[in-house]
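Residue numbers (our numbering), protein chains in the order written: chain A, 3 to 355; chain B, 309 to 418.
For every residue, glycine included, the Cβ atom is placed at its ideal position computed from N, Cα and C.
Bear in mind the structure is a predicted one, so any value in this text is a computation, not a measurement.
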């Protein structure tokens, strides 16, 4: 059981900044995210794209924003449960909560802050009629353990960075890698595209374009995929394989949070914006893109503000009746949980002769 | 409002909506759909309009001449599902005066 003060669901910019604001109040945070890395959409969708409306940053890349937020909250030693999706919430008799992930990891906290953005990222599944019958029986939408492909025949479908990068990686692991894409052109970083070209020339990646996987053959486990190729004349053929990995990107879904008994409107969680961004369940807050209230704007900077106010309310729940005054970091400095201290340099008092 | 154009949008339930779209607010078709709430929030424009998610895919039903497809959009559509010959990404279609009378249908949600 992981114990913390504030359990944050979602490790995007809002969730990461919560760690800092909570830390100033001496509250410890733990974050759960379905993605294998922190950053949320900033890492998953637009890592290399600039953002122009973060105060004081005329321009910052989404990936750099994530790095800076991680650096800013580092001394408050946040815990992470990554690659797992928050599945259930159970309110205890003492008012605290136990949140369990899809992998059974349990987290115990008096306050839960949902900073889930548009939801957890789920793989987009290609429209192949019998694909669901083969899930985890040779069909994987995400690569979690590359070693399971050792000396296997693998077919990857997709035309983006993940399809390219995993084809490159698995060409050293699997006995055979086939990459199938609907067009001859790939959308990815130039060096990835060039590397695949090189591996194709060396015969280490079998490239089939423009083509599409239209069916899966097998009994209890994938044995082959049916491929339709539309170059010159249309033809259909089978490729023998042990694994079929469709990589068509991820799409966010509100998912299990929708069943937590929270008031939902327009795919977002209703909160009290006049006060503290609490949901209809006392002790459960929703901040950032995942919440809604009159006049809501889905902006990172609004998430930062919401996180800050939410932490004050969390303090009251965790330390009922305990006095506290707002402090300015410039005046009081920042004391990390790791023993570090940041403070403004003292003024020099010295006579001028 | 001279700059407004009429656009007919068929939502994912097959219901047709005639809406007015401004041409002077740098809006694209995806944003018009969102501003009229013709698809639930969180099911359209997920990437914010960067041609990186295909949640705003639509089928163009009228024979309007539309801005040419850029590489980004073409690449995204090549990975999207339910793509037809008349598929476009709404976020890549900036509303302009030539679009008056445009008719589009939203592609199914993925």
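Counting only residues of its own chain and dropping the five nearest sequence neighbours on each side, residue 202 of chain A has a CB closer than 6 Å to the CB of 209. Against residue 386 of chain B, the close residues of chain A are 161, 183, 184, 185, 187, 189 and 212, in the order they occur along the chain (beta-carbon pairs closer than 9 Å). Across the set A:353, A:71, A:336 and A:133, the C-alpha of A:336 shows the shortest separation from the C-alpha of residue 345 of chain A. The three-state reading of DSSP puts residue 342 of chain B in helix, counting H, G and I together.
Residue state for residue 124 of chain A is assigned as strand, using DSSP reduced to three classes. If you ignore the 5 residues before and after residue 105 of chain A, its C-beta comes within less than 7 Å of the C-beta of 86, all in its own chain and listed in chain order. At a Cβ-Cβ threshold of 9 Å, residue 374 of chain B and residue 413 of chain B do not count as neighbours. When rounded, the separation of the alpha-carbon atoms in residue 212 of chain A and residue 72 of chain A is 41 Å. Nearest in C-alpha terms to residue 61 of chain A, of all of A:9, A:53 and A:180, is A:53. Annotation for residue 394 of chain B: 367 and 368 place their beta carbon closer than 6 Å to its own, counting only its chain and skipping 5 residues before and after. Under the Cβ criterion of 9 Å, residue 336 of chain B is not counted among the residues facing chain A.
Sorting B:418, B:410, B:416 and B:417 by C-alpha distance to the C-alpha of residue 340 of chain B places B:410 at the top. Counted as a single uninterrupted DSSP element, the stretch harbouring residue 367 of chain B is not any alpha helix (DSSP H) but the beta strand (DSSP E) occupying residues 365-368. Counting only the Cα atoms, residue 278 of chain A lies some 8 Å from residue 313 of chain A. Against chain A, a Cβ distance below 9 Å from residue 355 of chain B picks out 43, 47 and 48.
The Cβ-Cβ distance between residue 235 of chain A and residue 159 of chain A does not fall below 9 Å. Residue 14 of chain A and residue 354 of chain B have their C-alpha atoms some 15 Å from each other. Counting the other Cβ atoms within 10 Å of the Cβ of residue 387 of chain B gives 16 or more, which makes it buried. Taking the CA atoms as reference points, residue 92 of chain A sits about 35 Å from residue 342 of chain A. At a cut-off of 9 Å between beta-carbon atoms, residue 24 of chain A makes no contact with chain B.
Listed by position along chain B, the residues whose Cβ is nearer than 8 Å to that of residue 253 of chain A are 354, 361, 363 and 418.
Bounds of any beta strand (DSSP E) do not take in residue 130 of chain A, whose DSSP letter is neither H nor E.
Within the stretch 371-413 of chain B, the complete beta strand (DSSP E) runs of at least 3 residues fall at 395-397. Only buried fits residue 280 of chain A, as 16 or more other CB atoms lie within 10 angstroms of its CB. Contact between residue 206 of chain A and residue 173 of chain A holds: CB atoms are separated by about 5 Å, below the 8 Å threshold. Listed along chain B, the residues sitting closer than 8 Å to residue 128 of chain A by beta-carbon distance are 389. For residue 250 of chain A, the residues of chain B that pass the 7 Å Cβ criterion are 387, in the order they occur in the chain. Leaving aside the five residues that flank residue 151 of chain A on each side, the residues in its chain whose CB is nearer than 7 Å to its CB run, in chain order, 172, 175, 176 and 245. Setting aside the 5 residues that flank it on each side, residue 48 of chain A is surrounded in the same chain by 64, each with a C-beta closer than 7 Å to its C-beta; the list follows chain order.
Residue 340 of chain A places its beta carbon less than 9 Å from that of residue 79 of chain A. DSSP places residue 102 of chain A in the strand class (E or B) of the three-state scheme. At least one beta carbon of chain B lies nearer than 9 Å to the beta carbon of residue 270 of chain A. Interface annotation, residue 16 of chain A: not in contact with chain B, CB-CB separation never under 9 Å.
Residues of the stretch 287-306 of chain A with a C-beta less than 7 Å from any C-beta of chain B: none at all.
By the C-beta criterion, the stretch 337-351 of chain B is judged to be in contact with the stretch 310-329 of chain B, since at least 3 inter-stretch pairs fall below 8 Å. Under the three-state reduction of DSSP output, residue 165 of chain A falls in the helix class.
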